[in-house]
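The opening residue of the sequence shown carries number 34 in our numbering; numbering runs sequentially from there.
Worksheet: one structure, shown below.
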Amino acid sequence: LNAALDGLIFQPQAGFSGTASLALQVSDLASPGPNTASRSVNVTVGYPSQVIDYGIAGYSEGGLWANSGLTGYAGSATRYSSASGATATWTPPTLPGKYRVEFFKVVHASSAANAELSVVHAGATTTVPINLTTGSAGFVEIGTFYFSGQAGEWVRLSRPGTANLRADADRFTRTADAP
Numbered sequence: 034l035n036a037a038l039d040g041l042i043f044q045p046q047a048g049f050s051g052t053a054s055l056a057l058q059v060s061d062l063a064s065p066g067p068n069t070a071s072r073s074v075n076v077t078v079g080y081p082s083q084v085i086d087y088g089i090a091g092y093s094e095g096g097l098w099a100n101s102g103l104t105g106y107a108g109s110a111t112r113y114s115s116a117s118g119a120t121a122t123w124t125p126p127t128l129p130g131k132y133r134v135e136f137f138k139v140v141h142a143s144s145a146a147n148a149e150l151s152v153v154h155a156g157a158t159t160t161v162p163i164n165l166t167t168g169s170a171g172f173v174e175i176g177t178f179y180f181s182g183q184a185g186e187w188v189r190l191s192r193p194g195t196a197n198l199r200a201d202a203d204r205f206t207r208t209a210d211a212p
């Protein structure tokens, strides 16, 4: 039986989220009256998260940026900028749907207390203030937004003035399919 099941993979349809059932029925094919056994296993499939980190596709910078000595998501390097007009931008996944968006906050006393995260989603813009000088480093939820999967949607970090911006990663977790 183990050899027959070796390599068995549960592969739901693309975009599937919810509970599915995997049923297995075995028989020893004995005669007379084979012995049989049945077992059913529930499998819960959640929406995956996608982390867009500094240095990978989906992350871009505007203005002059440099490497920081502060660590970010999963111990990765982070970036900082004191340049006027500097921005860091993360592009969301292209599969249309509703996503919980989280920003990896890198905290330092010399960072901007008045930074802003602008989320462009499905023809709308939502701006969320964020203080990069206080609190704990780590992912901070900035909201749940519907993304159409079209070009021109993004999350952008900016600030007025010249206090340091600090950038690393955004996490997008799909919470619902497109309507």
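In this text, a Cβ means the ideal position worked out from N, Cα and C, and glycines have one as well.
What you are looking at is a predicted structure, and each value in this text was computed from that prediction instead of being measured.
Between residue 190 and residue 120, the CB-CB gap stays under 9 angstroms. The three-state secondary structure of residue 75, taken from DSSP, is strand.
The secondary-structure analysis by DSSP pairs residue 85 across a beta bridge with 203. About 5 angstroms separates the beta carbons of residue 133 and residue 206, which is inside the 8 angstroms limit, making them a contact pair. Taking residue 67 as the centre and dropping the five residues before and after it, the same chain places the C-beta of 60 and 61 closer than 6 angstroms to its C-beta, in chain order.
Spanning the alpha carbons of residue 117 and residue 193 requires a straight line of approximately 8 angstroms. Counting of Cβ neighbours within 10 angstroms places residue 85 among the buried residues, the total reaching 16 or more.
Sequence-distant Cβ neighbours of residue 105 in its own chain, meaning closer than 8 angstroms and more than five residues away, are 86, 87, 111, 137, 139, 170, 201 and 202. Under the 10 Å beta carbon count, residue 182 is surrounded by fewer than 16 other beta carbons and is classified as exposed.
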